[in-house]
Structures are given as structure tokens and as C-alpha cells.
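Structure first, then comments.
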Amino acid sequence: MLKQMQGLNWLYFDLNSYFATIEQQVNPSLRGKPVVVVPLLSDSTCAIAASYEAKLKGIKTGTKIYEAKKLCPNLICVKGRHKLYVEYHKRIFAEINKLLFVDVVCSIDEGAGKLTSKYQQEEEAIRLSQNIKLAIKQNVGDYITCSIGIAPTKYLAKIAAEMKKPDGLSVITPEDIPGKLLKLSLRDIPGVGYRVLKRLHSAGIDTVEKLYGCSSGHLQTIWGSIYGKKCWYLLRGYQLAENVVKNQVI
Numbered sequence: 296m297l298k299q300m301q302g303l304n305w306l307y308f309d310l311n312s313y314f315a316t317i318e319q320q321v322n323p324s325l326r327g328k329p330v331v332v333v334p335l336l337s338d339s340t341c342a343i344a345a346s347y348e349a350k351l352k353g354i355k356t357g358t359k360i361y362e363a364k365k366l367c368p369n370l371i372c373v374k375g376r377h378k379l380y381v382e383y384h385k386r387i388f389a390e391i392n393k394l395l396f397v398d399v400v401c402s403i404d405e406g407a408g409k410l411t412s413k414y415q416q417e418e419e420a421i422r423l424s425q426n427i428k429l430a431i432k433q434n435v436g437d438y439i440t441c442s443i444g445i446a447p448t449k450y451l452a453k454i455a456a457e458m459k460k461p462d463g464l465s466v467i468t469p470e471d472i473p474g475k476l477l478k479l480s481l482r483d484i485p486g487v488g489y490r491v492l493k494r495l496h497s498a499g500i501d502t503v504e505k506l507y508g509c510s511s512g513h514l515q516t517i518w519g520s521i522y523g524k525k526c527w528y529l530l531r532g533y534q535l536a537e538n539v540v541k542n543q544v545i
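Take the sequence shown: its letters are residues 296 to 545, numbered as in the numbering used here.
Take a look at the structure:
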């Protein structure tokens, strides 16, 4: 039922500032400039995506446009084009599938694949990641980048993909647990949203190190759900079957 994974088993990729980057890809005049993608051209709406140049100004998904323009007067707003993003999604994922079977499509800009055979070796997994990045640039778009994480489980690989952005590549080996994780912020942990963060702070937990020191039962109490206990296992490199969580049997 519970298995603590050894070796490198998953590769997770996250396309960087996806909607905004695709707009910069198809319109080179936007490259290197602060860009936000919006549902409609109005100052009363909010950003649904921001380029890295805009993020450096403090603008992020959900920022109101009138506030964003105060932070960045030269901000460029582009109306979102869902069909365009879906088209590029298909092209990018098809390109990755030539090198690594994408077992899980996590969202329009994130996916993961199981590492097998020689690719479970760190050197080969890194080489595969570099080839994926190169294939996207050469065959889909020269401005499109992705951050890649390699780890024993999909959950940890997702965390690794977030460690270096944009265009990053990070590896978490079993020996890196918990060392590399302790350097992260609580918001870097999947499953720690703003509500959970507030609960953790109320419980005196303000670092990943303190989170890691909690018992699984205590985390379940803080979360108010089985996910807290699930998080305890996931952070230690356990692979949990879906029915474990659904049936609350851990």
C-alpha cells in the first residue's frame, strides 16, 4: 500500500509563463517586455498570466490591471487567445512524446512522464531533459522554455521543477530528502494554499523544516483533511495509490 520510492522515476515539466510566452513567441516585438494576458482589455479586469518581465515588477496571476499599471506603467496587455494556447500545447506535448511518453497531462502547460531503463540514471535523465528543452526550441518555438524536475515520485518532481525558473533543471534524489526540501518556502509545497498557510502559521509552523518535523496526524488536524497526512508521506518520497487517499487508509 505504501512504498518509499528509490532512484529517479519521474520527470515533470512546466512551461514557463505559458500564455504570455506564447504571445511573445508569435509576436517577437513583445519579447523582453512586461506583458500580461487578460480576458478583456479593461483596467477593471485581472491578469490571467504574466511574462517574467512583468513578474519582476510584482505582477502575477490575479493582479488587477489598474494595480498592475501602477507597478509597471509600460505594461502591455494582450487579450487571451485560448485556441492559440491549445494549438501550441498540442505541438509541445507531441514533441516531448517523441522523447518521453507523457503519462500525465497535469494542465495545459504541465505534464509528467515515468523514467525507465537507462533514464533512471541521473546523468541520462539530465541529458533527456536537455534534449526535451532543445526539441521544443528547435521544433516548436525558439522563445518557449520549460523548467524540468527529476525525482523519485511525481510529487517531488513537481517540486523540483519549481526550484529553478525560468528554464530550470533540478534533481531531487532519495539522498536529497529532506535536505533540499528544507530550503524551500511553505508556498513551494504543493497543497499549501493561502488557507492552509494561514492554518500552519497559526500552529507555529512557518518553515518547511518545522512542517517536516510534524507528525502525520498533526498535519491532518491542521489541514482539516486527509491531505495533511498524505502530504507527510509525499514529502518523504512515498508513492501513494489513489485509493489510499480516497479511502483514507494510511
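Even for Gly, the Cβ is constructed at its ideal location relative to N, Cα and C.
Endpoints, beta strand (DSSP E) assigned at residue i
i	result
glycine 444	441-446
glycine 406	405-409
isoleucine 371	371-374
Inter-residue spacing [alpha-carbon to alpha-carbon] between residue i and residue j
i	j	result
asparagine 392	glutamine 301	25 Å
glycine 357	alanine 342	5 Å
threonine 468	isoleucine 387	27 Å
threonine 448	lysine 378	32 Å
valine 321	leucine 395	26 Å
serine 312	glutamate 405	11 Å
leucine 451	tyrosine 383	26 Å
leucine 481	glutamine 299	22 Å
tyrosine 371	aspartate 483	According to the sequence as given, residue 371 is isoleucine; it is not tyrosine. Isoleucine 371 and aspartate 483: Cα-Cα distance of roughly 28 Å.
leucine 423	glutamine 415	10 Å
tyrosine 533	glutamate 504	18 Å
proline 323	isoleucine 354	21 Å
leucine 325	glycine 499	44 Å
leucine 535	glycine 519	19 Å
tyrosine 361	proline 334	14 Å
valine 466	lysine 459	10 Å
leucine 336	proline 461	27 Å
lysine 428	asparagine 304	19 Å
histidine 496	tyrosine 489	10 Å
threonine 502	valine 487	12 Å
serine 442	glutamate 390	16 Å
aspartate 399	lysine 352	The residue asked about is misnamed: residue 399 is valine in this sequence, not aspartate. Roughly 33 Å separates the two Cα atoms.
aspartate 309	cysteine 401	9 Å
glycine 508	lysine 524	13 Å
isoleucine 454	tyrosine 528	14 Å
threonine 316	isoleucine 517	37 Å
lysine 364	serine 510	45 Å
lysine 374	serine 346	14 Å
leucine 297	proline 485	20 Å
lysine 478	valine 491	19 Å
Backbone secondary structure at residue i - three-state DSSP
i	result
isoleucine 391	helix
leucine 297	strand
alanine 430	helix
tyrosine 533	strand
serine 465	strand
lysine 355	coil
aspartate 338	coil
aspartate 483	helix
tyrosine 380	helix
tyrosine 507	helix
aspartate 309	strand
aspartate 501	coil
leucine 325	helix
glutamine 423	Inspection of the sequence shows that residue 423 is occupied by leucine rather than by glutamine. Helix, per DSSP.
isoleucine 472	coil
glycine 302	coil
Element boundaries [alpha helix (DSSP H), containing residue i]
i	result
phenylalanine 314	313-321
cysteine 526	521-529
glutamine 416	From DSSP, glutamine 416 is part of no alpha helix (DSSP H); its letter is neither H nor E.
lysine 364	360-366
valine 332	Here valine 332 belongs to no alpha helix (DSSP H); instead the beta strand (DSSP E) covers 330-333.
tyrosine 438	Careful: tyrosine 438 lies outside any alpha helix (DSSP H) and carries neither H nor E.
arginine 494	489-497
glutamate 457	449-458
Identified DSSP bridge partners for residue i
i	result
cysteine 401	Per DSSP, none; premise fails for cysteine 401.
alanine 291	Since the displayed the chain opens at 296 and closes at 545, residue 291 lies outside it and no answer follows.
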